[in-house]
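Visitor: Have a look at the structure that comes next, please.
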Amino acid sequence: MKTYETMIFDLDGTLSVSKSPLSDEEAEVLSHASQQLVIAIITGGRFEQIKKQVIDRLKPDANLANLYILPTSGAMMYRYEDGSWTMAYQHPFNDEEKERVISALRRALADASFDIDPVILKGPQIEDRGSQITLSALGQQQDPEVKYAWDPDRKKRRELVSLLQDLDDQFDVKIGGTTSLDITKKGYDKAFGIREFFKVTGRDITKALFVGDELVPEGNDYAATTTGIDTRSTTGPEETARIIKEVLQAP
119 MKTYETMIFD LDGTLSVSKS PLSDEEAEVL SHASQQLVIA IITGGRFEQI KKQVIDRLKP
179 DANLANLYIL PTSGAMMYRY EDGSWTMAYQ HPFNDEEKER VISALRRALA DASFDIDPVI
239 LKGPQIEDRG SQITLSALGQ QQDPEVKYAW DPDRKKRREL VSLLQDLDDQ FDVKIGGTTS
299 LDITKKGYDK AFGIREFFKV TGRDITKALF VGDELVPEGN DYAATTTGID TRSTTGPEET
359 ARIIKEVLQA P
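Position 95 of the sequence shown, counted from 1, bears residue number 213 in this note's numbering, the numbering being contiguous throughout.
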């Protein structure tokens, strides 16, 4: 295998089960990797959610100085400096943009050929994440097994994407996670985040690998393929752990 100095990961479906903390194995492998590699995590979630799922699960020997967090699909970035997490950049929505997106999402849900019973929702269905608006169709805190069963073929979310075409002039709408749509300002997708990461850190993209579970054209990881970074598709956390081990063992 090619030798890499940097690994960039999606989170849900890649490093962890949707909205769940890293497993013991994944926490151990990622902590070990941070001693040898620069690690970046780019995902649709908020920093606080990523902290719960990843940072709080890492082992004491993890090198946090080698860890970069890019929430909201890369529209912002955090790095660890002087004992705390600091924001390197942020590109938030303004109030008018937020209102346009949230109204469009509500119309799409009302016009869809399927219904979602409000009784089954767990947590917010539409979430303002500052630099991104996310639809979690069954609610942010829905049980993972319920999420996986709801739209395994992505047909429901593809229908919602088609109902949101009026946003295409100003926003990017991508399928993410198991029940989600991630909406960012046009151009502020994972490709933007990856490019900004390399601009800010000065690292070499030719010595970096991106790993994600949504590298198909409509997936929210697909944008990574346009940056020139090497990519690997994964079926989930267990395969991701194997990929990390392969990279660490490369000559």
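Even glycine gets a Cβ: it sits at the ideal position worked out from N, Cα and C.
These numbers were taken from a predicted model, which means no experiment stands behind them.
Could you pull out every residue in the same chain whose Cβ sits closer than 7 Å to the Cβ of tyrosine 198, ignoring the five residues on either side in sequence?
Guide: Leu182, Ala183 and Leu185
Visitor: Does the contact criterion of 3 or more C-beta pairs under 8 Å hold for the region 128-139 versus the region 153-169?
Guide: yes
Visitor: For the alpha helix (DSSP H) that glutamine 167 lies in, which residues bound it at each end?
Guide: 165-171
Visitor: Alpha helix (DSSP H) containing isoleucine 160: first to last residue?
Guide: Isoleucine 160: not part of any alpha helix (DSSP H); member of the beta strand (DSSP E) spanning 156-160, first to last residue.
Visitor: Is the CB-CB distance between proline 262 and threonine 296 below 9 Å?
Guide: yes
Visitor: Give me the Cα-Cα distance between alanine 222 and leucine 253, rounded to the nearest whole angstrom.
Guide: The alpha-carbon atoms of alanine 222 and leucine 253 are separated by roughly 11 Å.
Visitor: Runs of 3 residues minimum, wholly inside the region 318-349: which ones carry the beta strand (DSSP E) assignment?
Guide: 326-330
Visitor: If we call anything under 9 Å between Cβ atoms a contact, is threonine 345 one with isoleucine 361?
Guide: no
Visitor: Could you check the C-alpha separation between tyrosine 207 and lysine 363 for me, to the nearest Å?
Guide: Near 31 Å, if we compare the C-alpha coordinates of lysine 363 and tyrosine 207.
Visitor: Taking leucine 282 as part of the beta strand (DSSP E), name the residues at either end of that continuous run.
Guide: Looking at the DSSP string, leucine 282 is not in any beta strand (DSSP E), and its letter there is neither H nor E.
Visitor: Give the range of the alpha helix (DSSP H) segment to which valine 219 is assigned.
Guide: 213-229
Visitor: Classify aspartate 174 as helix, strand or coil using the three-state DSSP reduction.
Guide: Three-state DSSP puts aspartate 174 in a helix.
Visitor: Assign threonine 190 to one of three DSSP states: helix, strand, or coil.
Guide: helix
Visitor: Measuring straight from C-alpha to C-alpha, what distance separates serine 249 and valine 291?
Guide: 13 Å
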